[in-house]
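J.: A single structure is presented below for examination.
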Amino acid sequence: MMTTPKTHNTAFETFEKGSPTAFPKLEEPKIYHRICCCSQKVWAIVLMVMGCLTTIIGILYGTAMPAYVNSAVEDKVVTCSASDVAKESYLDPYGDCDDCSPYYISVYMLNATNAEDYLATNAKLQVKEMGPYVYRRREIKLDVTLSDDDSTVTYKTYTYHTFMADKSCDGCSDSDEIVSFDTGYFSVIAATGGEFNLLAAVAAQSFASTSNTTDILAIVTEYGEQMMRWMNGLNSLDPLAMKTVTNNSTILKFLASGPEAIADLDLTGFAYNGIFVKRTASQWALGYPSLLGGLILGTSYINTCEAGMNDKCSSCAGDDCLAIASACTQCTKGAAVVAANNVTCAILEAIYAAEYGDEEAASFVATTCGLCDSKGLCALPLPGIAESSGMDYSETAPDASSLGTYVKRTGCDDLSKIGEYEEYNGFSSAPVWVDLGERRNPTLLEIIAFSSYANCDAPVANITCFNVSGTDGTSLKPGGVTINGMAKETTSDAFNSYMGAAEIYITISSMDEKVAFSGVSLHRFGTPSDIFDYSNDKASIGTGIPVDGLHQLSFVTGFLSYMSGPFFIYGNTSLLEAVEMTTSDGTIVTADVMYDSNGDLQDSYLEAYSTFVDIESGTGQTMRARKRSQISYALAASTSVSNASMSDLLWPTLPTEVVLPTYWVQEAGEATDSLLDTFKSTLTLVKTFLPGLIVLIIVGVVEVCGGVFLWRRYKQKAS
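Numbers given in this note's numbering equal positions in the sequence shown, counted from 1, plus 29.
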């Protein structure tokens, strides 16, 4: 059937209504709209929450983390708990633990190359540097206790040393023989006013105990030179000389009958000179026994202390104790000598046995230091350059009761007091100098008198008592950690470093210099060039006397002795002219060699001989240090023989008060690689605080902004 245009075709009507369309009109756009809106809402919330959290984390990372690390740094440098003082790194800080730092003592002996000419003709002394002989120090703490408020720590300590051949000079051995001054001789002779007085005292306590003073003086005048050589041979540690003076029970015969027992002995030769001795490098470094020193202290202890003075010292009170304080001190020293005699006597026996065998050595001991308990002939342990006790504690530790007490601030209550001493080896104040009224050396009479009246419990007006103070030099107050990282500057421009042997402190000041050590930036501190120059203030402790560049130790040691920089750097040039000093490389040290045309110390000498301490500012820790000093002696004038040196029997014409260099020493410590690695890791962390804060805040803000944007889009579409 045909249809015409524009007419309705009803034939398809049923089909159109009953059949589905090929493209049905679904609700998909509405569903998608709902899902999209829902996703925007979720993401908006997620981004805003994450942004807030990221911002908070950033703020915490830049504020709380620096505070936490700063607290950790402070905890690392202070010792505030029982667990802290029980750590190996505290009890044995120079040991082998991860947090320990080895400490080395380098001994440079100034070998007297013309000692015999010096004695015979008064020639200018010539010394040549030998070394370094390097020893590793171990320092062990005992009986460690914290105060109730943890502000101080009390302990006792001892040291021992091990020779390090690989760190010492090429071809050097600790058995190398070196000629220098015998401190035992200097100490004993000075304490009595000269050789003459010493022998008079020995005679009065032995073979001439019933003689009058006139007779004793006559004996010493006639036989004094032979008697003194005999005593020097006994003290020489030279096996042949010791055998010569002790054969056939000579000591007992001498003590009983006097100089007739030794009149026919041939006592010529260097071993009997007294002033100089030949010792091995290890003996100079670690100490050696002295029969001369032991005889004086031992006989005094037997005849005086055991005879009643010990009882007086233990029972006295108040002013009565002050009156006998000097005698009680001598008794304490004497008791220590007697207690150590078995060990020191065994050393003498070993030296003798190495030459003559065990049987003869046993016989030698039986008539010498074997008589310590009965006759007082003991072997005194002389302190070494490195080992101040003169004893070897590497195998067996000393009894804690024999050790002095140390008290040190922990820094727990005040970080500026970290490591500051309050008590050192049993004393909190020590007499170090007496006002002489002029810039000069003290006489032996003044030194002897000082030992009897200088007491810091009741000091007289003209003495200086120096209170124990200053630090051990291991740490300053930490500069701390902030959002900007480790502190860039130290908290102090100077600190005082206590020197126990000198019983004073020296000031270590900022050199306004930064140095690099294994990639770590450190601030250099050092001793100023005028550290030992004279001033009114420093004169009160003996500095700059008799000339600039010296610090007097005479009242501390008991004989003329001085501390200075190595080779008298920064000292009066007259010190260089009085003696000829040659370095190990053959350079004769003169003012022209040491200083430039402007009078400034040459850089090579500054680097080799100056003291410095390199400190990391953030932790306040010393990462590297070199402490260098020289010790010199001088002969004083006799108190009993006019115009004579204190060697008034053997070497009376030797010039007095000439400063004679003996040795110089370097103490060296530095942080180990493991400690440096730990510090570098911490440094890497703290460097991220500020960038981390900024980045995290920016990321957080971006996330919040993104969330807000999506939230607004969601709201717009929802409406």
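Just so you know, even glycine gets a beta-carbon here, dropped at the ideal spot from N, CA and C.
Quick check: the Cα distance between Asp450 and Lys272, rounded to an integer number of angstroms?
T.: In the sequence under discussion, the amino acid at residue 450 is Tyr, which differs from the Asp named in the question. Tyr450 and Lys272: Cα-Cα distance of roughly 47 Å.
J.: I need the straight-line Cα distance from Gly502 to Tyr184, nearest angstrom please.
T.: Roughly 18 Å between the two C-alpha positions.
J.: Are the CB atoms of Val156 and Asn140 within a distance shorter than 9 Å?
T.: Closer than 9 Å, so yes.
J.: Quick check on DSSP: helix, strand or coil for Lys517?
T.: Coil.
J.: By Cβ distance, which residues of its chain are closer than 7 Å to Thr50, with the 5 residues on each side in sequence left out?
T.: In this predicted model, Thr50 has a pLDDT of only 45, less than 50, meaning its place in the structure is not dependable enough to derive any value.
J.: Who are the Cβ neighbours of Gly587 in its own chain at under 8 Å, not counting the five residues just before and after it?
T.: Hits under 8 Å: Ser216, Ala219, Ala220, Ile476, Ser480.
J.: Return the CA-CA distance between Val372 and Met260, expressed in angstroms with no decimal places.
T.: Using only the alpha carbons, I get a separation of about 22 Å.
J.: Please say whether Ala673 and Pro684 have beta carbons closer to each other than 9 Å?
T.: No, these two residues do not count as a Cβ contact at 9 Å.
J.: For Asn151, name the three-state secondary structure that DSSP assigns.
T.: Reduced to three states, the DSSP call for Asn151 is coil.
J.: Report all residues from its chain with a CB closer than 7 Å to the CB of Thr640; omit the five preceding and five following residues, and keep chain order.
T.: The answer, listed in chain order, is Gly555, Thr556, Arg655, Lys656, Arg657.
J.: The beta strand (DSSP E) spanning Ser498 covers which residue range?
T.: Looking at the DSSP string, Ser498 is not in any beta strand (DSSP E), and its letter there is neither H nor E.
J.: By a C-beta neighbour count over all protein chains shown, 10 Å radius and 16 as the cutoff for buried, is Gly829 buried or exposed?
T.: Past the boundaries of the shown model lies residue 829; the chain is included only from 30 to 748, so the question cannot be answered.
J.: In whole angstroms, what is the alpha-carbon distance linking Asp402 and Leu444?
T.: Approximately 50 Å, taken between the alpha carbons.
J.: Which stretch, first to last residue, makes up the alpha helix (DSSP H) that contains Gln359?
T.: Note, Gln359: alpha helix (DSSP H), 354-385.
J.: Between the alpha carbons of Phe584 and Thr472, how many angstroms are there, rounded?
T.: Taking the straight line from one Cα to the other gives about 10 Å.
J.: Within 10 angstroms of its Cβ, does Gln745 collect 16 or more other Cβ (buried), or is it exposed?
T.: Gln745 is exposed by the Cβ-count criterion.
J.: Using the three-state DSSP reduction, which class does Gln695 fall into: helix, strand or coil?
T.: Strand.
J.: Taking the continuous beta strand (DSSP E) assigned at Phe192, which residues delimit it?
T.: Phe192 -> beta strand (DSSP E) spans 181-192.
J.: Please tell me whether Asp566 and Asp577 are closer than 9 Å, where the distance is taken between their beta carbons.
T.: No, Cβ-Cβ distance for Asp566 and Asp577 is not below 9 Å.
J.: Unbroken alpha helix (DSSP H) runs of length 4 or more, entirely within the segment 499-559: which are they?
T.: None, since the segment 499-559 contains no complete alpha helix (DSSP H) of that length.
J.: Using 10 angstroms around the beta-carbon of Met248, count the other beta-carbons present and answer buried if the total reaches 16, otherwise exposed.
T.: At residue 248 the sequence reads Ile, which differs from the Met that was named. Ile248 comes out buried.
J.: Give the range of the beta strand (DSSP E) segment to which Glu451 is assigned.
T.: Its beta strand (DSSP E) spans residues 450-452.
J.: Can you tell me where the alpha helix (DSSP H) with Ala230 in it begins and where it stops?
T.: Element bounds for Ala230: 224-234.
J.: Have a look at Gly529, Tyr453, Ile574 and flag the residue whose alpha-carbon is nearest the alpha-carbon of Trp462.
T.: The shortest Cα separation from Trp462 among Gly529, Tyr453, Ile574 belongs to Ile574.
J.: Are three or more beta carbon pairs between the segment 311-320 and the segment 403-417 nearer than 8 Å?
T.: These segments touch.
J.: Excluding five sequence neighbours on each side, which residues of the same chain lie with their C-beta closer than 7 Å to the C-beta of Asn339?
T.: Taken in chain order, the residues that qualify are Cys360.
J.: Are the beta-carbon atoms belonging to Leu406 and Gly287 less than 9 Å from one another?
T.: Against a cut-off of 9 Å, the Cβ pair of Gly287 and Leu406 comes out as no contact.
J.: Would you please state the rounded distance, in angstroms, between the beta carbons of Ile304 and Ser676? I believe it to be under 8 Å.
T.: The pair is a contact, with the Cβ atoms about 6 Å apart (cut-off 8 Å).
J.: Rounded to a whole number of angstroms, what is the C-alpha to C-alpha distance between Tyr599 and Asp562?
T.: Rounded to the nearest angstrom, the two C-alpha atoms are 9 Å apart.
J.: Give the DSSP-derived three-state secondary structure of Glu424 in the structure shown.
T.: Reduced to three states, the DSSP call for Glu424 is coil.
J.: Taking its Cβ as the centre, do 16 or more other Cβ atoms sit within 10 Å of Arg741, making it buried, or is it exposed?
T.: The residue is exposed, with fewer than 16 neighbouring Cβ atoms inside 10 Å.
J.: Note down the Cα distance separating Gln695 from Pro318, rounded to an integer number of angstroms.
T.: Straight-line Cα distance between these residues: approximately 24 Å.
J.: Does Leu712 pass the burial test, meaning 16 or more other C-beta atoms within 10 Å, or should it be called exposed?
T.: The residue is buried, with at least 16 neighbouring Cβ atoms inside 10 Å.
J.: Given this structure, state the Cα-to-Cα distance separating Val728 from Leu635, to the nearest angstrom.
T.: Spanning the two alpha carbons is a distance of roughly 53 Å.
J.: Of all the alpha helix (DSSP H) runs that stay within the bounds of the segment 92-178, which reach a length of 4 or more residues?
T.: As far as the segment 92-178 is concerned, its whole alpha helix (DSSP H) runs of at least 4 residues are 111-114, 117-120, 144-150.
J.: Is there contact between the segment 509-524 and the segment 97-106, where contact requires at least three CB pairs shorter than 8 Å?
T.: Verdict: yes, contact present.
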